[in-house]
Amino acid sequence: YDLAEVKRVARSHDATVNDVMLGVLAGALRRYVIARGEVPRDVVTMIPINLRPFDTPLPAHLGNKFALVAFELPLAMPTATSRIRSSKSRMDVVKQGPEAMLTFGLAHAIGSVGAVTARMSRQMISFFGNKAFGVTTNVPGPTEPRYFAGSEMIGVLGWVPGASHQTLGACIFS
């Protein structure tokens, strides 16, 4: 989708690009489920939430500081507008709630347990990872052309992390 058009739709719904694209993803999955003769139901995907403030400089030693939170994609909503509104509403709850910090602490604890026993760490990761069908991430793209070895890069591949038995990784690249 053309980013300018997605931004126009976002503004008309007082939403973000991410909210709109989550609604689009829900619509695509809804059509897939209906084509299989099934009833569309909301499904849980994990969404990474950045915990590093955007206005602070990157630390000398890079590393991720994010949490995975559960997000229900609104497949049951019948219209594109209702899916966008629902996605916005659900993301607003995620942004304002404590879930991101709680899951960050839990992930840190699982990592600490992994130092003691890899088996227990794998079981905990599987337990939480299997609560969702996959991961959906939003990656902001470059705002100007990028070059590699003197040639302009014309495409980007979004790589979505996954764990346990998750079956779908979706990368929203804006």
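Numbering of the sequence shown is given in the working numbering, commencing with residue 13 and proceeding in unit increments.
Where a beta carbon is used, it is the ideal one built from N, C-alpha and C, also for glycine.
{"query": "Beta-carbon gap between residue 35 and residue 95 smaller than 7 Å", "result": "yes"}
{"query": "Presumed contact (8 Å Cβ cut-off) between residue 145 and residue 56, rounded CB distance", "result": "7 Å"}
{"query": "Contact belief for residue 150 with residue 99 at Cβ below 8 Å, rounded distance in angstroms", "result": "With a Cβ gap of about 12 Å, residue 150 and residue 99 do not count as contacting."}
{"query": "Same chain only: Cβ atoms within 6 Å of residue 181, ignoring 5 sequence neighbours per side", "result": "146, 147, 172 and 174"}
{"query": "Residue 87 beta carbon less than 7 Å from that of residue 58", "result": "no"}
{"query": "Residue 23 versus residue 33: straight-line alpha-carbon distance, rounded", "result": "13 Å"}
{"query": "Nonlocal neighbours in the same chain, by C-beta distance under 8 Å from residue 164, ignoring five residues either side", "result": "157 and 158"}
{"query": "One or two residues paired with residue 87 in a DSSP bridge", "result": "Bridge partners of residue 87: none, in fact."}
{"query": "Beta-carbon gap between residue 92 and residue 170 smaller than 7 Å", "result": "no"}
{"query": "8 Å CB neighbourhood of residue 51 in its chain, flanking five on each side removed", "result": "45"}
{"query": "Where residue 184 falls, given that 16 or more other Cβ within 10 Å makes a residue buried", "result": "buried"}
{"query": "Cross-strand partners of residue 13 (DSSP beta bridge)", "result": "None; residue 13 has no bridge partner."}
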